[in-house]
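Those letters in the sequence shown? Residues 449 to 642, by this note's numbering.
Even glycine gets a Cβ: it sits at the ideal position worked out from N, Cα and C.
Quick notes on the structure that follows.
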Amino acid sequence: MKKESLFELAERKKLPLHQFIDGETVKWVIKNKPKFGKTGELKLPSRKILKRFIPDNSWFLQAKEIDSIHGMRHILRVAVNAILIVKKYFYEKRIENLIIAAVIHDIRRKNDKDDFKHGLRSANWFRENATLVGKKFNVEFRDEDIKEIYWLIFSHELPRADLKENKNYCRFRRGIDIIRIADALDRYRLPKTK
449 MKKESLFELA ERKKLPLHQF IDGETVKWVI KNKPKFGKTG ELKLPSRKIL KRFIPDNSWF
509 LQAKEIDSIH GMRHILRVAV NAILIVKKYF YEKRIENLII AAVIHDIRRK NDKDDFKHGL
569 RSANWFRENA TLVGKKFNVE FRDEDIKEIY WLIFSHELPR ADLKENKNYC RFRRGIDIIR
629 IADALDRYRL PKTK
């Protein structure tokens, strides 16, 4: 019996809790890739920058999430997306805060489905482990940095309507929007059929 692809499972709303990209789904993504007009060339960030911000595997809530679609590859792509967005649009705060929020935003996921409150779990984990994170990434955090990174992580999964009235959204709006967009730009990884 042929194993169903993620695309087929998504169509039937039968996605497993932990998802790994398969060849058939990759072919579907390539075949259905959107056509974009010509854009200016974007220079990717150096590997040196990315290597500095690779989180420790032990930071993930579950080991099986490391290689899943919300795992290590996803969070590093979100970090790259955030850096590219910052290169294009001005960001007045520390770029390290954005990169750290990007690589931590999904580390406390329980699964690859609609894991409500994973942003809150990841944000709380960061706040409780800011010293450990700072050591690993060679960054000294001020209290304001910890608050900013916390809200960037926490807010990435909230519905936009819930953000509008939040004073911390108003305070960290640009960073929150960059993380949300950087995360959304990686949604190609699974066909959206809901």
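Task: Helix, strand or coil at residue 516 [DSSP, three-state] - done: coil
- [ ] Label residue 471 either buried or exposed according to how many other C-beta atoms from any shown protein chain fall within 10 Å of its C-beta, with 16 as the threshold for buried.
- [x] exposed
Task: Pairwise C-alpha distance: residue 541 and residue 623 - done: 8 Å
Open item on the list: Do residue 516 and residue 567 count as a contact pair if the criterion is CB distance below 8 Å?
Closed with: Against a cut-off of 8 Å, the Cβ pair of residue 516 and residue 567 comes out as no contact.
- [ ] For residue 564, count neighbouring Cβ atoms within 10 angstroms of its own Cβ and tell me buried if that reaches 16, exposed if not.
- [x] exposed
Task: First through last residue of the alpha helix (DSSP H) which encompasses residue 555 - done: Per DSSP, residue 555 belongs to no alpha helix (DSSP H) and is neither H nor E.
Open item on the list: Whether or not the segment 578-598 and the segment 497-507 are in contact is what I'm after, with contact meaning three or more pairs of Cβ atoms, one per stretch, closer than 8 Å; do they touch?
Closed with: yes
Open item on the list: I'd like the span of the alpha helix (DSSP H) that includes residue 624, first residue to last.
Closed with: 615-632
TODO: Could you work out which residue in 591, 547, 514 is closest to residue 556 when comparing CA atoms only?
DONE: 514
Task: 7 Å CB neighbourhood of residue 634 in its chain, flanking five on each side removed - done: 522, 525, 526, 529
Task: Test item: CB-CB of residue 549 and residue 627 under 8 Å - done: yes
- [ ] Identify the continuous alpha helix (DSSP H) that holds residue 572 and give its terminal residues.
- [x] Unbroken alpha helix (DSSP H) run through residue 572: 566-576.
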